[in-house]
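Heads up, the thing below is written out as structure tokens.
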Amino acid sequence: METRDLEYVLAVDAHGGIGRAAESLGISQPALTKAVQRVEGQIGLPLFERTVHGMTPTQAGAQFIERARRIRLEYEDALKEMQGIRTGEQGILRLGYSPSIPNALFLGACRQLVKERPVARLRLRRRMARELMDLLLAGELDLAVAPMQKQRASEFAVEELFDDRLVVVADGAHPLLRRRKVTLADLVGQEWLLPAPHIALRQQVDAAFRKQGLAEPNLRIETDFGSASLFQLVRGTQMLSVSGGDSEAMQIGLRPLNLGLEELDLRRRVGVISRAGAYLSPLAQRMTVLLREQSGQGGDL
């Protein structure tokens with residue numbers, strides 16, 4: 403079996419049909435059909451079945467496709483490692499980061515890496531943690547700086563950087579900021595800017611309200627938080643949101659409410675995350691050290 407055949411099978415799965423997959427690969431449909439049949443002949447089981455929605459993997463096909471993805475990633479890692487040996491260092495680092503990561507830490511490490519390695523290039527992606535994990539597993543990122551995920555922990559390698567806490571924030575003129583102590587009950591009926599329901603942060607906030615028998619937050623704006631500029635929508639309004647203690651939200655004049663941990667516990671651990679077993683280039687290793695240094699833990703490579 404050739405690695406090219408695995409790519410063909412993965413393309414059919416990704417596009418849900420021979421036609422679209424063949425077009426994306428730049429080959430004819432008969433050639434792609436023959437390649438899939440060749441793989442099916444080798445394993446002795448059908449990989450796909452036709453449905454009203456196109457071609458979907460069989461049970462055996464789904465298992466094979468999952469392994470094919472891993473093989474492709476391992477192959478790509480091997481190529482990167484060999485290139486690093488040949489050239490002395492990988493020149494591109496694909497780095498993802500969560501919007502709530504402190505700017506001083508993340509940008510400070512990036513500035514230092516660019517200063518140290520004049521020919522190095524950075525490709526940065528700002529995404530929510532869940533999407534960053536998916537990008538790591540798909541081999542589209544080398545590293546991610548994000549809250550550590552309890553789910554799927556075995557799929558990732560993690561180096562812890564620091565512990566921090568997210569807080570509920572409001573415009574500097576919000577009446578709740580004048581209170582010495584705020585409870586979740588005080589927030590019922592307030593309007594919020596929060597991420598979508600499938601995001602872990604939103605689930606934590608909703609669960610805290612439910613635990614006290616309170617109505618869930620009244621969403622005025624729902625967002626993926628991909629851009630910190632969205633906090634501008636809270637500025638000058640009565641809306642509430644959630645932010646890190648060192649973020650753009652604070653820089654534009656938003657302030658944390660005096661809401662105790664017993665009301666809403668948003669403590670978390672932040673780390674440098676990579677795919678378990680993935681090859682880390684010298685640039686990725688150096689960036690990990692710089693992030694560790696910026697977080698105050700020191701260390702040297």
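When you line the sequence shown up against our numbering, it's residues 403 to 703, in that order. Note that CB positions come from ideal geometry on N, CA and C, so glycine has one too.
Beta-carbon gap between residue i and residue j smaller than 8 angstroms
i, j, result
"Leu-616", "Leu-586", "yes"
"Gln-696", "Gly-446", "no"
"Val-584", "Leu-659", "yes"
"Leu-449", "Val-438", "yes"
"Glu-624", "Ala-651", "no"
"Tyr-681", "Asp-407", "no"
"Leu-668", "Leu-507", "no"
"Gly-498", "Met-457", "no"
"Asn-620", "Glu-664", "no"
"Phe-564", "Arg-677", "no"
"Val-411", "Ile-467", "yes"
"Ile-601", "Phe-633", "no"
"Leu-524", "Val-674", "no"
"Val-607", "Leu-595", "no"
"Leu-589", "Leu-642", "yes"
"Val-570", "Leu-434", "no"
"Gly-646", "Pro-504", "yes"
Residue(s) in a DSSP beta bridge with residue i
i, result
"Tyr-499", "Arg-528, Val-547"
"Gly-673", "Ala-548, Glu-562"
"Met-457", "Arg-452"
"Ile-623", "Leu-595"
"Pro-658", "Val-571"
"Val-441", "Paired residues: none, contrary to the question."
"Leu-642", "Ala-572, Trp-594"
"Leu-523", "Position check: residue 523 holds Arg in this sequence, whereas Leu was assumed. Ile-494."
"Val-584", "Leu-661"
Classification of residue i by the beta-carbon crowding that lies within 10 angstroms, buried from 16 upward
i, result
"Ile-494", "exposed"
"Tyr-477", "exposed"
"Ser-704", "Lying outside 403 to 703, the shown extent of the chain, residue 704 is not represented and no answer is given."
"Thr-405", "exposed"
"Leu-685", "buried"
"Ala-423", "buried"
"Val-414", "buried"
"Asp-702", "At Asp-702, the pLDDT of 40 sits below 50, so the modelled position is not reliable and the matter cannot be decided from this model."
"Leu-603", "buried"
"Ser-556", "exposed"
"Leu-481", "exposed"
"Leu-526", "exposed"
"Met-484", "exposed"
"Ser-430", "exposed"
"Ala-470", "buried"
"Arg-529", "buried"
"Arg-582", "exposed"
"Gly-700", "A caution first: Gly-700 carries a pLDDT of 44, below 50, which makes its placement in the model too unreliable to give a value."
"Arg-532", "buried"
"Ala-464", "exposed"
"Val-441", "buried"
"Ala-610", "buried"
"Pro-432", "exposed"
"Ser-683", "buried"
Below-8 angstroms beta-carbon distance, residue i vs any chain C residue
i, result
"Ser-556", "Given the protein chain composition of this structure (a single chain), no chain C is represented."
Inter-residue CB distance, residue i and residue j (contact presumed, cutoff 8 angstroms)
i, j, result
"Leu-534", "Ser-500", "7 angstroms"
"Ala-548", "Val-644", "With a Cβ gap of about 16 angstroms, Ala-548 and Val-644 do not count as contacting."
"Leu-656", "Ala-572", "6 angstroms"
"Asp-566", "Arg-670", "7 angstroms"
"Arg-474", "Leu-543", "That belief does not hold up - the Cβ atoms of Arg-474 and Leu-543 are roughly 15 angstroms apart, past 8 angstroms."
So, do the region 570 to 585 and the region 669 to 689 have three or more beta carbon pairs nearer to each other than 8 angstroms?
Contact between the region 570 to 585 and the region 669 to 689 is absent, because fewer than three Cβ pairs lie under 8 angstroms.
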